[in-house]
Amino acid sequence: MKLIKFKEKAIHFFFFLTAISAIVILLGIFLMLLFNGIKMFKDVSAFDFFFSTVWNPTAYGEPSYGILSMVMSTVMVIIGSMIIAVPLGIGTAAYITEVAGPRTQEILKPIIEILAAIPSVVIGFLGIIFVGPLIAKVFNLTSGLNAINGSILLAVMSLPTIISISEDAIRAVPKDYKEASYALGANRWTTLIRVTIPAAISGIVASIMLGIGRAIGETMTVLMVTGNAPAMPHSFFDSIRTMTATIAIELGEVPYGTTHYYAIFAVGTILFLMSLSVNIIAELVTARYRSRRI
Amino acid sequence: MPYNFRLIISGAIFFVMLTTMISCSKKEVDKHSIQIKGSDTEVNLVQRLSEVYMEKLPDVSIAITGGGSGTGIAALINRQTDIANSSRPMKNAEIEQAKAKGVEPVPIMFALDGLAIITHESLPVKSLNLDEVASIFKGEITNWSKVGGPDMETSVYGRQSNSGTFVYFRDTVLKGDYAPSVRRMNGTAQIVEAVRKDKAAIGYVGIGYVVNEEGNIISDINVLNLASDANTTGVSPLESENVKSGKYPLSRPLFQYTNGIPTGKILEFVQFELSDEGQKLIEKEGYYPITSRHMEHNRSLGIIK
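These protein sequence lines are chains A and B, in that order.
Counted from 1, the first sequence has number 135 at position 135 by our numbering; the numbering is strictly sequential.
Take the position in the second sequence, starting the count at 1, then add 294; the result is the number in our numbering.
Pasting the structure below:
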C-alpha cells in the first residue's frame with residue numbers, strides 16, 4: 001500500500017519535472033543572453049548600440065556596435081514576407097475550408113504540411129539558383145541577392161503555419177453565422193468576406209503572429225540569399241543583413257570575452273525579446289478568441 | 295515487474311554499446327586521423343593534397359573543413375584542430391591568446407596565392423590599379439564610369455570577417471574599412487558564382503578558384519590585371535612569374551599553423567605538401583609553389599631538411 005503511494009508520488013514528481021523543464025530552459029537561455037549581453041555596455045553606450053547604423057566590430061580603426069541597420073533589415077524582410085504570405089495564406093485557408101471539395105482538401109492539406117518540412121538550407125539554395133536570377137531579370141537589377149529575395153523565401157516558409165492555424169480558426173466559426181448570412185440572401189463570397197473571416201479574425205491574427213515568429217528567427221535562408229551587406233536598407237532592392245545572419249556569421253570566429261563577443265549576445269537578447277513579444281501577442285489574441293467561442 | 299526489468303536491461307546494454315563505440319572511435323581518431331580546419335581559400339587545395347596523400351597511405355585519414363581562417367585559428371587556440379589553414383598571418387592578439395592557453399603556433403608556408411580581382415566578362419574594364427580597387431571596396435567609387443567603364447553602379451562582393459582574405463585585403467589594399475554596401479559572402483565559391491551572374495560585379499578570390507579542373511578560366515568571369523599604382527602597368531596573376539616575383543601586388547603566402555613543431559603523421563603530411571610532388575599538385579590546382587625564400591623559412595623551423 002505504502003509502496004503504491006510512493007510510486008504515485010514519484011510519478012507525479014517526474015511529470016512535474018518534465019513540465020517545468022521547459023520553463024527552466026527558457027529562463028536559463030534568457031538569463032544567459034542577458035548576463036552576457038549586458039557586459040557589452042561597459043564599453044559601448046546604450047545610445048550607440050540602439051541608434052547607430054554602423055555595425056563593424058572588426059573595423060580597421062575604431063570598432064562600432066550599432067544595431068539599427070540590422071534591426072531595420074530584420075523588420076523589413078518580415079514585413080515583406082507578410083505582405084506576400086498573409087493574403088496567400090488566408091486565401092488558401094478560406095479555399096480549403098469553404099470552397100474545396102473533400103477530395104481536394106485531402107490532397108492539398110498534406111502537401112502544405114510537407115512544405116513545412118523542407119529544410120531551410122534547401123529553400124535558401126532555391127533562392128540562390130532560381131529566385132535570385134529571376135528577381136534580377138524581372139526588376140532589371142544586376143543581382144538578385146536582396147531583401148525581396150529573403151521576403152519571398154520567408155513567405156514560403158511561414159505559409160504552412162499561417163494556413164493551418166487560419167484554417168482551424170475559419171473552421172471553428174459556428175455554422176449558424178453562415179446560415180444566417182445565407183438566409184439574408186448573401187452569396188458565398190459575401191458570406192466569406194463579411195461574416196466568416198471577420199468571425200475568425202482573432203485566430204487569423206494569431207496565425208499571422210506565429211508566422212512572423214517563424215520568420216523572425218529564420219537564419220540559414222536569409223543568410224544565403226539577402227547578400228549580407230551590413231548597410232542601412234533604403235529599399236527592397238538593397239542587400240541587407242539580418243540580426244540572425246549577423247549572429248550566425250560572427251559567433252564562429254569571435255574571441256571569447258571580448259566586447260564583440262558580448263555584443264553578439266546583446267543582439268541575441270534583442271532578437272529574443274522581439275520574438276517573445278510576437279509570441280505573447282499571438283497567445284493573447286488566441287486566448288481572446290477561445291473565450292469568445294464559448 | 296518484468297516489463298520494467300526488461301527495459302532496464304536493454305537500457306543498460308544500449309548504454310554499454312554506446313560507450314564502447316564512442317571510446318573505440320575516439321582511439322581511432324587519436325591514432326590516425328588529422329584534423330584540418332580554416333581558410334576557405336585553402337580548403338579545396340588542401341583537400342586535393344590530402345586525397346592524393348591518403349591514396350598513398352590508406353591508414354591515414356585527414357578531415358578538412360573550411361569556415362574561414364579566423365575559425366581555423368580559433369580552433370587551433372582551443373585545441374580543436376591539428377592544423378589551422380590560414381590565408382593571413384596570425385594577429386598578435388591571437389598569438390598572445392594562444393600562448394595564454396599553452397598553445398605554441400608555428401607558421402608553415404606551403405603555397406603561394408595571387409589574390410585575383412574578378413569581374414564579369416562583359417565589363418570592358420580589364421585593368422585597375424590598387425588605389426582604384428581600394429576606392430571601389432571602400433565605397434568612394436560607386437560607378438564603373440569613374441574607372442573607364444560604362445555608366446553602371448558597382449556591385450561589390452567580399453567575404454565575411456572570419457575570412458583571412460577579408461582581413462588581408464582590408465589591411466593591405468584598403469587600409470581602411472569596407473563600405474557597408476559590400477556584400478559579405480559566405481565562401482569564395484559563392485563570390486565566383488555571384489560575379490558570374492552579375493554584370494556590374496567585382497570581387498576577390500584565391501587564384502585557385504578562377505580555374506576549373508581542366509585548368510581553364512571559369513566561364514563568364516574576367517581576371518583583372520592589377521597595377522601597384524597609377525604609374526605602372528597592370529599584370530595578371532595567371533602568369534606564375536608575376537606572382538612568384540611579387541610583381542603582382544597581391545601575391546601572398548598561404549599558411550598552415552600547427553601547435554608546436556609538428557611530429558608524427560602531421561609532420562609527414564606537411565613534408566608531403568612541401569615535397570616536389572606536393573608543390574606540383576599545388577600548381578595543378580591553380581595556386582603557385584612557394585619560393586626558395588619561403589622554403590628557407592620552413593627549413594629554419596626544422597620541418598624539412
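Cβ atoms here follow ideal geometry from the backbone N, Cα and C, with glycine treated the same way.
Which same chain residues end up closer than 7 Å to residue i when comparing Cβ atoms and leaving out the 5 residues on each side of it in sequence?
i	result
Lys420 of chain B	Asn516, Leu518, Asn519
Glu322 of chain B	Note that Glu322 of chain B scores a pLDDT of 45, beneath 50, so its modelled location is shaky and nothing firm can be said.
Gly80 of chain A	Ala147, Ile148, Ser151, Phe236
Ala248 of chain A	Thr219, Leu223
Gly366 of chain B	Lys331, Gly332, Ser333, Thr375, Ala378, Asn379, Ser380
Arg241 of chain A	Met70, Ser73, Thr226, Asn228, Ala229, Pro230
Asn36 of chain A	Tyr262, Phe265
Arg382 of chain B	Ser363, Gly458, Val461, Tyr462
Asn592 of chain B	Ile402, Met403, Leu568, Ile598
Val340 of chain B	Ile330, Ile358, Asn379
Asp43 of chain A	Thr259
Gly132 of chain A	Gly144, Leu145, Asn149, Val225
Ser52 of chain A	Ser64, Gly66, Leu68
Ser439 of chain B	Asp445
Could you tell me which chain B residues have their CB closer than 8 Å to the CB of residue i, listed as they occur along the chain?
i	result
Pro296 of chain A	Past the boundaries of the shown model lies residue 296 of chain A; chain A is included only from 1 to 294, so the question cannot be answered.
Pro230 of chain A	Pro474, Arg478
Leu223 of chain A	Asn480
Ser239 of chain A	Ser475, Arg477
Pro298 of chain A	Nothing about residue 298 of chain A can be read from this structure; chain A reaches only from 1 to 294.
Since residue i contacts residue j with CB under 8 Å, what's their CB separation in whole angstroms?
i	j	result
Met209 of chain A	Gly124 of chain A	Met209 of chain A to Gly124 of chain A, Cβ: 24 Å. No contact.
Phe49 of chain A	Ile38 of chain A	With 8 Å as the limit, Phe49 of chain A and Ile38 of chain A do not qualify as a contact, their Cβ atoms being about 11 Å apart.
Ala155 of chain A	Ile84 of chain A	4 Å
Ile255 of chain B	Ile330 of chain B	The structure shown does not extend to residue 255 of chain B, since chain B is modelled only from 295 to 599, so the question has no answer here.
Gly572 of chain B	Val505 of chain B	The Cβ separation is near 18 Å, so there is no contact.
Gln550 of chain B	Phe404 of chain B	6 Å
Leu33 of chain A	Thr269 of chain A	4 Å
Leu370 of chain B	Asn553 of chain B	6 Å
Ser449 of chain B	Thr142 of chain A	5 Å
Asn456 of chain B	Gly361 of chain B	7 Å
Tyr472 of chain B	Gly452 of chain B	6 Å
Ser239 of chain A	Arg477 of chain B	5 Å
Since residue i meets chain A, which of its residues come closer than 8 Å, beta carbon to beta carbon?
i	result
Thr557 of chain B	Those within 8 Å of Thr557 of chain B in chain A number zero; the least Cβ separation is about 28 Å.
Lys469 of chain B	Tyr60
Ala357 of chain B	Within 8 Å Cβ-Cβ: nothing; Ala357 of chain B doesn't reach chain A, min ~18 Å.
Arg464 of chain B	Tyr60
Ala488 of chain B	Ser143, Leu145
Output needed for residue i: all residues of its chain with C-beta closer than 8 Å, excluding positions within five of it in sequence on either side, in chain order.
i	result
Ile294 of chain A	Low confidence applies to Ile294 of chain A: its pLDDT is 41, below 50, so where it sits in the model is not reliable enough to give any reading.
Val486 of chain B	Ile412, Gly497, Val499, Tyr503, Val504, Ile512, Ile515
Ile170 of chain A	Ala93, Ala94, Thr97, Glu98, Thr196, Ile197, Ala200, Gly203, Ile204
Lys320 of chain B	Low local confidence applies: a pLDDT of 48 at Lys320 of chain B is under 50, so the model's placement there is unreliable, and no value is given.
Leu26 of chain A	none
Glu127 of chain A	This sequence places Gly at residue 127 of chain A; Glu is not what is there. Closer than 8 Å at Cβ, skipping near neighbours: Asn149, Gly150, Ile152, Leu153, Thr221, Met224, Val225.
Asp425 of chain B	Asp523, Ala524
Val337 of chain B	Ile358, Thr359, Gly360, Asn379
Asn175 of chain A	Correcting the residue identity first, residue 175 of chain A is Lys in this sequence and not Asn. Excluding sequence neighbours, Lys175 of chain A sits near nothing in its chain.
Would you mind telling me which residues of chain B sit closer than 7 Å to residue i, beta carbon to beta carbon, in chain order?
i	result
Val267 of chain A	Going along chain B, no residue has its Cβ under 7 Å from Val267 of chain A, so there is no contact; the nearest lies around 15 Å.
Asn56 of chain A	Asp471
Gly252 of chain A	Gly361, Thr365, Asn456
Gly80 of chain A	Residues of chain B passing the Cβ test: none, with the nearest at roughly 18 Å.
Gly227 of chain A	Arg477
Starting from residue i, find everything on chain A with Cβ-Cβ shorter than 7 Å and list it in chain order.
i	result
Ala494 of chain B	Thr142
Ala483 of chain B	Within chain A, no residue comes near Ala483 of chain B; the closest Cβ sits about 11 Å away, beyond 7 Å.
Ser449 of chain B	Thr142, Ser143
Going by beta carbon distance, what residues of the same chain come within less than 6 Å of residue i, once the five residues before and after it are set aside?
i	result
Gln484 of chain B	none
Arg342 of chain B	Glu579
Ala215 of chain A	Ile78, Ser81, Leu154, Ser158
Leu17 of chain A	none
Arg248 of chain B	Outside the displayed range of chain B (295 to 599) lies residue 248 of chain B, so it cannot be described from this structure.
Pro160 of chain A	Ile112, Leu115, Ala116
Leu548 of chain B	Glu336, Ser381, Ala405, Asp407
Counting only Cβ pairs nearer than 9 Å, list the residues of chain B close to residue i.
i	result
Ile249 of chain A	Gln454, Ser455, Asn456, Arg478, Asn480
Inside the segment 464-539 of chain B only - beta strand (DSSP E) runs reaching at least 3 residues: 477-479, 495-499, 515-517, 519-521
Every unbroken beta strand (DSSP E) within the segment 172-198 of chain A, with a cutoff of 3 residues, ordered by chain: none
Whole alpha helix (DSSP H) elements within the segment 39-65 of chain A, 4-residue minimum: 46-51
Segment contact flag, the segment 491-510 of chain B with the segment 408-417 of chain B, C-beta cutoff 8 Å, min 3 pairs: yes
Inter-stretch contact (C-beta, 8 Å, three-pair minimum) for the segment 423-435 of chain B and the segment 465-479 of chain B: yes
Contact the segment 195-210 of chain A vs the segment 114-123 of chain A: 3+ CB pairs below 8 Å: no
Runs of beta strand (DSSP E) lying entirely within the segment 386-457 of chain B, each at least 3 residues, in chain order: 399-408, 410-414, 421-423, 449-453
Three-pair Cβ contact test at 8 Å for the segment 84-100 of chain A versus the segment 267-284 of chain A: no
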